[in-house]
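Remarks on the structure that follows.
Number of protein chains: 2
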Amino acid sequence: MKITYKGDYALKTILMLSLRYGQGVVTIHELAQEADIPIKFLEQVLLDLKKGGFVESKRGINGGYYLTRTPSEITIGQVVRFIDGPIEPVPCASIDALYKGCKDIYSCVFKNIWMEVTKSISNIIDHVNFEELCKKIQIKEEAMVYQI
Amino acid sequence: MKITYKGDYALKTILMLSLRYGQGVVTIHELAQEADIPIKFLEQVLLDLKKGGFVESKRGINGGYYLTRTPSEITIGQVVRFIDGPIEPVPCASIDALYKGCKDIYSCVFKNIWMEVTKSISNIIDHVNFEELCKKIQIKEEAMVYQI
DNA sequence: ATATACTCTACTATAATAATAGAGATTATA
DNA sequence: TATAATCTCTATTATTATAGTAGAGTATAT
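Line order of the protein sequences matches chains W and R. Residues in the first sequence are numbered consecutively from 1, following the working numbering. Residues in the second sequence are numbered consecutively from 1001, following the working numbering.
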């Protein structure tokens, strides 16, 4: 699994929208500036996130983006899989692959390892939701206040 | 982490050489044929594996390749990291990264997740050696005999 | 009306991947 | 010592993915 810039931007965007969930819309301009993302690239990411059902938008003046679900219902895994594709190290190692066989005995031995890897990655990214991440950020920000 | 063809070929090659460890050299021709790898591509892979200290070669007639270490001393992780590069989903999530900070708070929250992912992948691939894999293959091959 | 903001398609530059090609160097042995 | 077998090394190519840029179009609050 490698996280592309696009995937990284998508995650940060969902996180920013999570932090402002229930507080109306956020413009692409604000999002781009806050996370230092090229605005035209972010446009495409947001259109994808819309297609994926993660965000919804409001056009025109006072327009912007907002989450379609509560942060607790969105996991890192959902976003990463949708934007960057399958996480398995090799295509045949997907948990719900249609076929179970391998073309040769050598491939087959490694496949089992890659399936273990896939499961262990899934186990992490499918169980971290954005509500948790928001809390972590809030704790860090509080810590910052006392540091100054 | 994504395993490239090159990585896959390297793993299969080390596995084939492990199965014949202590039995002299194996030609690139045999290796290529047995695992269905383009021979000219395999040449490059083997040169890399030589640079990495995994294999050694003997030139001329009766030449070929052989492992420089026993299969039990070689892990999947060593081969994959050497051929396909770092396994971490994002560069900053390497366990022994020089810097610990992140450019912004959003990156930082995800970094911890990616470090967990890195650790859990390492935990698998750094603890599977090629002696184990050989045993698995031998068991499978015995099973095949009775199936026929 | 108009300014603001999202939408959509096309284009481009760079790098990685997966080969392919061919000339060169070494060595056993007949 | 000639030669066939085998590894060595560098260059080239085709395809795809990635990351970003560009610009015209659509909707909407005031």
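C-beta: ideal position from N, C-alpha, C; glycine also. Note that the structure is predicted; figures quoted are calculated from it, not measured.
Closest Cβ-Cβ distance between residue i and chain R: below 8 Å?
i	result
Y106 (chain W)	yes
I124 (chain W)	yes
E116 (chain W)	yes
I3 (chain W)	yes
I28 (chain W)	no
L42 (chain W)	no
S120 (chain W)	yes
I61 (chain W)	no
V55 (chain W)	no
D48 (chain W)	no
P89 (chain W)	yes
F110 (chain W)	yes
K140 (chain W)	yes
Check whether chain W comes within 8 Å of residue i, counting only Cβ atoms and requiring the distance to be less than that.
i	result
L1015 (chain R)	yes
I1076 (chain R)	yes
A1035 (chain R)	yes
V1128 (chain R)	yes
L1133 (chain R)	yes
I1137 (chain R)	yes
L1011 (chain R)	yes
Below 6 Å CB to CB, which residues in the same chain sit around residue i once its five sequence neighbours on both sides are set aside?
i	result
A1035 (chain R)	K1012
R20 (chain W)	V26
G7 (chain W)	V80, I83 and D84
S57 (chain W)	Y65
E1131 (chain R)	P1071 and S1072
Given residue i, which residues of its chain have a CB within under 8 Å of its CB, disregarding the five upstream and five downstream residues?
i	result
E1073 (chain R)	N1129
I1028 (chain R)	I1039, L1042, E1043, L1046, G1064 and Y1065
K1111 (chain R)	V1090, C1092, A1093 and C1102
G1024 (chain R)	G1064 and Y1066
Leaving out five residues on either side along the sequence, give the residues of the same chain with a beta carbon under 7 Å from the beta carbon of residue i.
i	result
G52 (chain W)	F82
E88 (chain W)	S94, W114 and T118
A1010 (chain R)	V1045, L1049, V1079 and I1083
Would you call residue i buried or exposed, if buried means 16 or more other Cβ atoms sit within 10 Å of its Cβ?
i	result
Y146 (chain W)	exposed
Measuring straight from C-alpha to C-alpha, what distance separates residue i and residue j?
i	j	result
K103 (chain W)	K1136 (chain R)	17 Å
I1003 (chain R)	S1107 (chain R)	25 Å
L15 (chain W)	C134 (chain W)	7 Å
L67 (chain W)	I37 (chain W)	19 Å
G22 (chain W)	S1018 (chain R)	59 Å
N62 (chain W)	I1105 (chain R)	27 Å
Y5 (chain W)	Q1033 (chain R)	39 Å
S1120 (chain R)	G60 (chain W)	46 Å
F54 (chain W)	S1122 (chain R)	31 Å
H1127 (chain R)	M1 (chain W)	19 Å
R1069 (chain R)	T75 (chain W)	43 Å
I1124 (chain R)	V109 (chain W)	14 Å
L1031 (chain R)	P1086 (chain R)	26 Å
G1077 (chain R)	G77 (chain W)	24 Å
Legend entry - Touching by the beta-carbon criterion (3+ pairs, under 8 Å), the region 1108-1116 of chain R and the region 1127-1141 of chain R: no
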